[in-house]
Every structure is written in C-alpha cells, then in structure tokens.
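In the working numbering, the protein residues as written are -13 to 608.
Think of the CB as a built atom: it goes at the ideal place given N, C-alpha and C, for glycine as much as any other residue.
First the structure, in the form of structure tokens, and then the observations on it.
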C-alpha cells in the first residue's frame, strides 16, 4: 500500500509557482481481515446446509452462551467452506467464462450438436450464477444506498468500493502541534482519545441534578405504560424487531449482520428468541454480548484531527434486537413526555418545524425591541458521548419509569464494550462509563429524554420572566427554543439578565449531566444591536458573532424572501454531484435513479419551506 505521509510547500525560486514536496513510502503492513458474513454466500446451494448442520449441534449452557457458541462454531466452518468450496468469486467468473468460450468454440468447429448445446446452456447458467455472486459482493463493498436494486456489476460499484476503502485510511493525524504518521502512533492516539471520552470519571453533582429536575420533570408514566414497557416480549415482537432493522447495515464484532439473521431466521430463531428472553427475564447480559466496534466517519473532507471524526458504534446484531424491542416500545410514548420544542427522533415530529421556527425568528431579529433580539446556535461538546448515566437514570425515574425498566437500561449501558477500528485493525477493548452510542436504536430516544431537562428549564426561565421572548407578528411570540437532538437554537431578547440566566443554566446542566457547552463552536446572531453591546454580550457568554445567511441542519437561514444568492450553494452542490465522473459509469436508467436520489436528498428540506426562484430551478434543469 502506497501511503502519502506528508505534502509540504517549498520556497519558490525562479518560477512564480510554489513547488510541492510529496513524501511517501510503500507500506508492507497487513492486518488479519475481520470475519463478515457475506451476502453472496446465500446464493450458493451449500450455504444453507452448512448453517443447518452446524446449528443442529448440541450445546450446554444458558441461552446467551449457546447462541454465542453456535455463532462462534459456525464462523469457523464458514471460513473453511469459503476457502475450500466457495472459492474466490473473481476466479469463479473467469473459469465460467473460459468454460463457455471453449464450448462455443467447439460448436463453431464441430457444429451445433444437441449435447454441445446442452453443455452451452449449463455453462451459461454457471456463468450467470458466478456473475450474480460477484455483483452481490461489489454491491456490498460499495455500500451504495441510493438504489434498491441498482445497475449490474459495473465499474461504478468497483470505483465506489475503492474510494470508500481509500477514504477510510488514516495516514496522518495531528496530535497538538505534532503530526503523527506511524500507524502504531496513530492507532494509539485515537484509541486513547476515545477511551478518555467514554471512560471519564466525571463527578455528577447530585444537588445540581435535583435542582434541575425537581418541579420541572413531571411524573407522566402510568402503571399501564410501565406494564407495556416491561412485559416479556412475544416471539412475534422479537421477529418484528429483527426484521425491521436495516438489512444493509454493517455487522458488529462477531461478523453476523442483519442479512444472516433475516435469511436464515427459520434455522436460528429458537436460540435467538431464548437469548432475548433471558435478558428480559433475568436482567442480565453475557459478557461480550454487547461488544461494539467503533468506526470513525470523517465530519469534514481531509480530516486531520481526531475531533473531526464521528464515532459510530457497530453493535452485534443479536444485541441490537434487544435494543430495538425497547426502542419500539418507547417510541410511541415519547410524544407524551417530550415537549414540542424537541423535533428529533420523535414520531409525528418533522425536521422542517425546526427550519420554520428558526427562519421566522431570524426574520424578526431586526425588529426594534428593548435590548434587541438574539438567536443562539448552541453546540454541546461530544453530546452523545458525554451523557452521564447517573443523570439519565435519575431523569427516567423522575418521569415515572419503574425500577425494572430503569434496571434494564442500566444493564445495557454498563455492559457495553468498545474497540476502535483504525485502518482495518481493532485497537483497545475497554468498558464504557458514560455516553450513549450513536448507531444503537435506543440511544437517540434516551438522549432526547435526558435533554428534556434542559428544554424544560429553558421554558421555566420564560415562565419566571427571566428570559424574554421575541415578539412575532400580531403580538405572537417566537418560541424560546428549537431542538433537533443535540442541535439547539435559542431565541430571546438581548437583556444582560437573560444572558446571565442562560449562562447559569448551561453551567448547572453541565455539572449535572456532563453536557458541556462548547463556546468556540457556538454562535450568536443579532439584529438591531450596537456593535459595543453585541461585543459585550459575546464577551459575557463566550460565543462567536455570526452573520446571515448561515447553515442550520444543512439548510440556509436568511432574512427576507428567498434569493438566488442564498440558495446558489445548494444548486452548485447538486450540479457538482451530477457532473461527477462516476455518473459516466452508470447506465441511463442508473443515472435517472441517481439524479432523483440526489435532487430529493439535497432539495427536500429547503424546497419544502422556501419557494425557489424560477431562474435557479431552470439553471438546475439545464
């Protein structure tokens, strides 16, 4: 592997161009590939029999142990079968092609005898099966999600797979002022960073927790609701949770993903159901049952700092079934306990509501008002990763969730084990002490419940007269805040007393929950306020001064009517995507699907709240 290590700019001499110095080396480093159940195996006639035979072996132990051991034994048999029977799929295609060519050559030489025609037909069937396996392999490698059944196995999917592999490599990373280039140093630095985040010994201030919760979080969960949440799941409920999880998702550390369970459910269902019921009846998880692999997704192009990567947890599917059951039970009651300000991950709520509220507030920022009008875009540092469990459990108790449900949540949180995937190699294996993992079906709902404390305390400041709202048209007041998970917007008048009240709330919330506001990434937007006053406000709260337009949840927010200038960046991104060289590798039908996918994905939010100028729409059509 040729790894680019460093690119530096040299001094220009006679030329008016700066020469670039590229340092690189040919790396011989290899890692043992992690086992993964491949979708193409299901196309082989022997795969089902291998799984059935392995699964019928007798095991002794508790249900979770039996399921774990059967998967472990099956993994070894599949590895052996893949190497000695299934073979290399590229070789299979070449051999099938060569066989067909030889038969067709015999037909051309000796004539179309019935025997040769039968051989040709069988060879064509074998080639079609080999091509189908190869197609499934590259489709899985490319992880292209914009289609359901896309083009045949073309260069497009090969290119996507290569780009995906290259973009995941971390060849260098900044550690302060130092640039780490050795693979061992990079792995150690990244692993230590996330181990410190998830394993922090943050001391929750119980007094702050009680003050924030008392009188703000009401007891809303009834006995009937608690009974529904804590009853043993039926086999159908377990099957439903299993079947509704995404089939294309990457598997956890054990390598068995949704495709394996959904395809061979008739074989494995009894052991899976027994393992799930063991958790709900005994409130216990087998060690390593809740193991997770953390993969790093770059937040920005050419990420150079570990903070520029988002950690996504790949959990074992057998555990995700448990998590999904609880999430499916919790989702319908979220509307009854979560305030209308929160629009993220709540059934019946839409992200468009956040855009509309924020856009309306920004349009009123410049209205004359005592002390002026402000909008705060608040960033919480590592919001999901730093949520303290003790705080979350106290909030659940305050809402009225019974001890059995809270104990299940506590068991799930404390059983989590993490490894960090850096350049294809797993590093570290440590326990979590805080945080809810992005990638777990239950995590967003738990996060919203915990954040409800902040939301309700902001509303309490309004009720107490400590936070004055922005007046809208016809004396209608703009809501005090809008939340989409950890994306927070707060709207209020620019009184110093209001700023101080918010600061005290942020500090108390941080001490209670571990959710620390990051001033360097938070911004203040303002209207008719003097420069000296806004400087005083930003100095007091520590936020940056913002200017219009700005991006909020991927949509531009501006004052006044939509103009081409404000929406042009979205149009440019669309045209850039459509003109990408990869589209030339697709068929016409594939390009149509890609165009629809891109336009729907990039336009759906902005065009649902803004009336785009005709000139811009025509520009995109051309």
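Here residue 258 is not near residue 226, since their CB atoms are 9 Å or more apart. For residue 166, the uninterrupted beta strand (DSSP E) segment begins and ends at 164 to 166. With a cut-off of 8 Å on Cβ pairs, the region 231 to 242 is not in contact with the region 342 to 358, counting fewer than three such pairs. In this structure, residue 207 and residue 439 do not form a Cβ contact; the two beta carbons are roughly 16 Å apart against a cut-off of 8 Å. Secondary structure note for residue 499: its alpha helix (DSSP H) is the uninterrupted segment 482 to 499. Under the three-pair Cβ rule at 8 Å, the region 370 to 377 counts as touching the region 420 to 429.
Proximity to residue 68 across 544, 302, 32, 560 peaks at 32, based on C-alpha coordinates.
With fewer than 16 neighbouring CB atoms inside 10 Å of its own CB, residue 517 falls in the exposed class. Under the Cβ criterion (8 Å, minimum of three pairs), the region 175 to 192 does not count as touching the region 353 to 364. Per DSSP, the beta-bridge partners of residue 359 are 479. Judged by DSSP secondary structure, residue 299 falls within the beta strand (DSSP E) whose first and last residues are 295 to 301.
According to the DSSP assignment, residue 447 belongs to the alpha helix (DSSP H) that extends over 429 to 449. Burial is judged here by how many other beta carbons sit within 10 angstroms of a residue's own beta carbon; residue 408 has at least 16 and is buried. Only buried fits residue 523, as 16 or more other CB atoms lie within 10 angstroms of its CB. By DSSP's assignment, residue 542 forms a beta bridge with 537. If you look at residue 416, you'll find it in the beta strand (DSSP E) that goes 411 to 417. Checking the DSSP bridge columns, you'll see residue 328 partnered with 469. In this model, residue 416 and residue 402 are separated by some 9 Å (Cα to Cα).
Sorting 410, 158, 7, 195 by C-alpha distance to the C-alpha of residue 493 places 195 at the top. Secondary-structure assignment with DSSP links residue 263 through no beta bridge to anything. Cα atoms of residue 605 and residue 310: separation of roughly 44 Å, rounded to the nearest angstrom. Taking each of 366, 336, 390, 240 in turn and checking the Cα distance to residue 312, the smallest one comes out for 390. By the C-beta criterion, the region 423 to 434 is judged to be in contact with the region 325 to 344, since at least 3 inter-stretch pairs fall below 8 Å. For residue 222, the enclosing alpha helix (DSSP H) has its first and last residue at 221 to 230.
Counting only residues of its own chain and dropping the five nearest sequence neighbours on each side, residue 236 has a CB closer than 6 Å to the CB of 300.
In this model, residue 186 and residue 553 are separated by some 42 Å (Cα to Cα). Following the DSSP letters along the chain, one finds residue 57 inside the alpha helix (DSSP H) bounded by residues 49 to 67.
DSSP, reduced to helix, strand and coil, places residue 524 within a helical segment of the structure shown. Inside the region 156 to 208, DSSP marks whole beta strand (DSSP E) runs of 3 or more residues at positions 159 to 161, 164 to 166, from first to last along the chain.
In the three-state reduction of the DSSP assignment, residue 509 falls in the strand class. The distance from the Cβ of residue 269 to that of residue 393 is about 5 Å, consistent with a contact at the 8 Å cut-off. Per the C-alpha coordinates, the member of 477, 500, 499, 472 positioned closest to residue 510 is 477. Between residue 276 and residue 302, the gap from beta carbon to beta carbon is short of 9 Å. With the rule of 3 Cβ pairs closer than 8 Å, the region 20 to 37 counts as touching the region 114 to 121. Judged by their CB atoms, residue 290 and residue 176 are not nearer to each other than the 9 Å cut-off. Going by C-alpha positions, residue 447 is about 37 Å away from residue 292.
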